[in-house]
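Q:
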Amino acid sequence: MMNKYSDDTPVVLLVEDELLVRMAAAGDLEDAGFHVLEAANADVALAVLETCSNEVQVLFTDIDMPGSMNGLDLAENVQQRWPHISLLISSAYHKPTSEQIPDDGRFVPKPYSSEDVVQHIRELVTSQ
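Be aware that the sequence shown starts at 1, since it is given in full-length UniProt numbering, and climbs by one per residue.
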């Protein structure tokens, strides 16, 4: 499948159920030079990945959200099905251990600064 983002700009799938948080994070990531795909929950994220998993390089997901699975379950699912996608997980209420985060995923606690998130994503993209 052709990558529709052929300018080598990294693509981030942002999964966050709080609309204002998602909008702010998407704006920050776009300002930092990333293409951003948005999903309100894991079910939407999986539907997005069914059609464009080749383009997505980083999954940035909240842990707590409505739907059939939380962010850790989503990360596990993505890691198994699309192992090329790097994982960045966030939460205000949980602090998962490195064993709980699939693959070589990273964790950033909420509230996070956009600089921290951008730095993590840049490092994840560079290490691919």
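Using N, Cα and C, we set each Cβ at its ideal position, and we do this for glycine too.
What residue does the beta strand (DSSP E) around H35 start on, and which one ends it?
A: 35-39 is the extent of the beta strand (DSSP E) around H35.
Q: Using the three-state DSSP reduction, which class does D103 fall into: helix, strand or coil?
A: In this structure, D103 counts as coil in the three-state DSSP scheme.
Q: Would you kindly work out how many angstroms separate the C-alpha atoms of L74 and A42, rounded to a whole number?
A: Distance between the alpha carbons of L74 and A42 is about 6 Å.
Q: Do the segment 67-84 and the segment 94-107 make contact, defined as three or more Cβ pairs closer than 8 Å?
A: Touching, per the Cβ criterion.
Q: Comparing alpha-carbon positions, which option in L19, D103, V58 lies nearest H120?
A: The shortest C-alpha separation from H120 is found at V58.
Q: If I measure Cβ to Cβ from E16 and keep anything under 6 Å in the same chain, skipping five residues before and after, which residues do I get?
A: If we look at E16 and ignore the five residues flanking it on each side, its Cβ neighbours are R22, D62.
Q: What did DSSP end up calling V56 once you bin it into helix, strand or coil?
A: Correct three-state label for V56: strand.
Q: By the DSSP assignment, the alpha helix (DSSP H) with I89 in it spans what residues?
A: From DSSP, I89 is part of no alpha helix (DSSP H) but of the beta strand (DSSP E) over 86-91.
Q: Quick one, which of V117, D104, V78, D64 has its alpha-carbon nearest C52's?
A: Ranking V117, D104, V78, D64 by Cα distance to C52 puts V78 first.
Q: To the nearest angstrom, how far is it from the Cα of R106 to the Cα of E99?
A: Their Cα atoms are separated by approximately 11 Å.
Q: Please classify E109: is it buried, with 16 or more other beta-carbons within 10 angstroms of its beta-carbon, or exposed?
A: Reading the sequence as shown, one finds Pro at residue 109 and not Glu. Exposed is the call here.
Q: Could you pull the DSSP bridge partners for P109 from this structure?
A: Its beta-bridge partners are S91.
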